[in-house]
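Written out below as structure tokens is the structure these notes cover.
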Amino acid sequence: MNQAKLRQFQNFNFENNVVWKDFIKELDPTIPKERFEKLKKIWYRDNIDPEFDPEFISNTNSHTTHQNQTHSQQGGAFNLGQQTLVFKILFGVENFLKLAFIITSFVPIGPNTQFAVVACVLGLYRQCKFPKKTREYGELVLKNEFTHNLFFLFGYLFVYSFKTVFNVPLILHFVLGLSSYLLLLQGPIYELLKSKVDKVYSIQQQIYVLKYRIEIALVPASLVFLFLGKSSILTFVYFANFIRIKYILLDKFKVECKYVNQKYLEPYKTHQILGYIIPAIQQLCSYLISYK
């Protein structure tokens, strides 16, 4: 790659690019500035210029503007080394438990739900801090992904089998969290997994979309499991209500609900047989979630 490509990158109008602005909204505000700049280059390659090399280093003292407004409001780059010992220990435990949950989801050596529960509680505390008796704090907690994970995990009381399938949304969220942790931690582990960590972080919006769609899909899946004798009506009712609550709380989740309906249900309503079955099931579930 040459200097011309680099200048095109530096002159690109990130501020007016809607896709870029949506991307940085999902970034962790504690991400170090140098890592943000690297992810910015990766995003530019993946979305604007496939021939752009994120590893290219200019032979001049070039400088790109840091676009992460949330990060800028905090007055500088987050430095994990400057945090308290308690914070570092809790942050480390949280991510160790995330890793333990992921591993034990594929290598079942015993119950692993407790790993996810504690990791989510620690993550919720890290992002929302101590409880406050304010409306703003309540909204912050209710819209937090860790809170939704805890609601989701409560549904495990009604899951009798196929738990690995139900683990997938949590695994996706935890993989993103682990990538964020390694990004902040740096060190030899990050260097070993650098390309994978950067890639995961650069597609975090797509990961959330996939997580949401799988959570939606688990509702009809739990109904199928019921007919197979591997679940109960409580499983279906609980997760349908979970989807309904999340639909109300998160606009982005609402978008995915509507997408799933239009993509996978609407086209089959003209089918000779499915045209009767799908509306019947939707009517049955109408009190659980709005499909319109």
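For the sequence shown, this note's numbering assigns the number -3 to the initial residue and increments by one for each residue that follows.
Glycine residues also receive a C-beta, built at the ideal position from the N, C-alpha and C atoms.
The DSSP-derived three-state label of Gln110 is helix. Between Phe32 and Arg41, the C-beta gap is not smaller than 8 Å, which leaves the two residues out of contact.
Taking every protein chain shown into account, the CB of Asn12 has fewer than 16 other CB atoms within 10 angstroms, so this residue is exposed.
Your pair Phe19 and Gln182 does not check out as a contact, with CB atoms roughly 22 Å apart and the cut at 8 Å.
Looking at Leu23, Glu135, Leu149 and Leu81, the one whose alpha-carbon comes closest to that of Ile203 is Leu23.
Counting C-beta atoms within 10 angstroms of its own C-beta, Asn163 has 16 or more neighbours from the protein chains shown and is therefore classed as buried. According to the DSSP assignment, Asp18 belongs to the alpha helix (DSSP H) that extends over Val14 to Lys21.
Residue environment analysis places Ile98 among the buried positions, since at least 16 neighbouring C-beta atoms fall within 10 angstroms of its C-beta. In the three-state reduction of the DSSP assignment, Gly225 falls in the coil class. Under the three-state reduction of DSSP output, Tyr156 falls in the coil class, being neither helix nor strand. Judged by DSSP in its simplified three-state form, Asp194 adopts helix. Lys242 and His144 have their C-alpha atoms spaced approximately 7 Å apart. With fewer than 16 neighbouring CB atoms inside 10 Å of its own CB, Ile185 falls in the exposed class.
Taking C-beta atoms as the reference points, Phe150 and Cys116 fail to come closer than 8 Å. Asp247 is classed as exposed because its beta carbon has fewer than 16 other beta carbons within 10 Å across all chains shown. When DSSP states are grouped into helix, strand and coil, Lys250 belongs to the helix group. With a beta-carbon spacing of about 12 Å, Phe154 and Lys226 fall beyond the 8 Å limit used to define contacts. Boundaries of the alpha helix (DSSP H) harbouring Val137: Arg131 to Leu138, taken from the DSSP string.
Nearest in C-alpha terms to Tyr197, of all of Val171, Ser218 and Ala213, is Val171. In the three-state scheme derived from DSSP, where H, G and I count as helix and E and B as strand, Ile38 is classed as helix. Ranked by Cα distance from Leu146, the first of Leu174, Leu166, Leu189 and Val161 is Leu166. When rounded, the separation of the alpha-carbon atoms in Gly119 and Leu138 is 14 Å. Residue burial annotation: Glu132 is exposed, with fewer than 16 other C-beta atoms found within 10 angstroms of its C-beta. In terms of Cβ geometry, Phe232 and Leu222 form a close pair [threshold 8 Å].
Distance check between Cys253 and each of Leu95, Ser228, Tyr234 and Val205 places Val205 closest, using alpha-carbon atoms only.
Of the candidates Lys192, Lys29, Ile44 and Leu81, Ile44 places its Cα closest to the Cα of Leu2. In its chain, beyond the 5 residues on either side, Pro50, Asp194 and Ser198 have a beta carbon closer than 7 Å to the beta carbon of Ile38. Secondary structure note for Phe5: its alpha helix (DSSP H) is the uninterrupted segment Gln(-1) to Asn7. Cβ contact annotation for Leu178 (same chain, cutoff 7 Å, sequence separation greater than five): Ile185, Tyr186, Leu189 and Val193, in chain order.
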